[in-house]
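Enquirer:
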Amino acid sequence: MTYSGGIVKVIIMRHSRVKYIWKKWYTSDEFDKACKEYDRAFVEHTEQNFPDFNYKNIYISSLSRSKETAINIFGQAYLRQTELIDEVALRSAFDSKIRLPLWFWNFAGRIQWLFNIERQSEGRFNTKKRAKSFVNMLCRDGKDAIVITHGFFMHTLLNAFKNNGFRYDKANVHYKTGSYVVVEK
């Protein structure tokens, strides 16, 4: 990491609210299909008032909800798209023709992620590596930035910033859509 020594401030924002209505019960196939539909769904228009900031260095994930959020807030600004800040993909924990509650599918999939179970497309170790790579990239750049990413991934990303000497005031268990955290070094 080459860091210029000046203060670097990064605003990490969760994308806008997605226009998608989840059902309460799913079979495994229905849940997998719903996850894909959610990834393609549009977002609600967002207006955001950030602290005084340079808006020229904006990173977005490769998922459309991140890009739409950025365009809603900043217009057709130059956006730097990277898969390093994509949401951790989720799929059903096992095959089942029996409908199970949505909360169960989410919980079981995230437990599999935590223990690096191959049923999920990515485990915790690889998510941490992605987040660390992204933070190192920003540190090499040495410029303030805005990052529009995703709720579950934000926890791993914030830990990667903290491990790299950044500090921030608030940490939440659940980041609401449109909310943000400012990290500084």
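Residues 41 to 225, numbered by our numbering, are exactly what the sequence shown covers, in order.
Every residue, glycine too, gets a C-beta built ideally from N, C-alpha and C.
1) Candidates I100, V222, E70 and K216: which alpha carbon is nearest Y20's?
2) Which residues in the same chain have their Cβ closer than 6 Å to the Cβ of K225, if we skip the five residues on either side of it in sequence?
3) Along the chain, where does the alpha helix (DSSP H) that runs through I111 open and close?
4) List the residues that DSSP assigns as beta-bridge partners of E177.
5) Any contact between the region 64 to 74 and the region 93 to 111? By contact I mean 3 or more CB pairs, one from each, below 8 Å.
6) What residue from N176, L124, W65 and A133 has the CA that sits closest to H190's CA?
7) Taking three-plus beta-carbon pairs below 8 Å as touching, is the region 177 to 197 in contact with the region 99 to 112?
8) Taking the DSSP output, what are the residues bridged to K169?
Expert: Well, looking at it:
1) It is not possible to answer for residue 20, since the shown part of the chain is limited to 41 through 225.
2) V48, G205 and F206
3) S104 to F114
4) In the sequence as displayed, the identity of residue 177 is Met instead of Glu. Paired residue(s): none; M177 is not in a bridge.
5) no
6) L124
7) yes
8) DSSP output for K169 lists no bridge partner at all.
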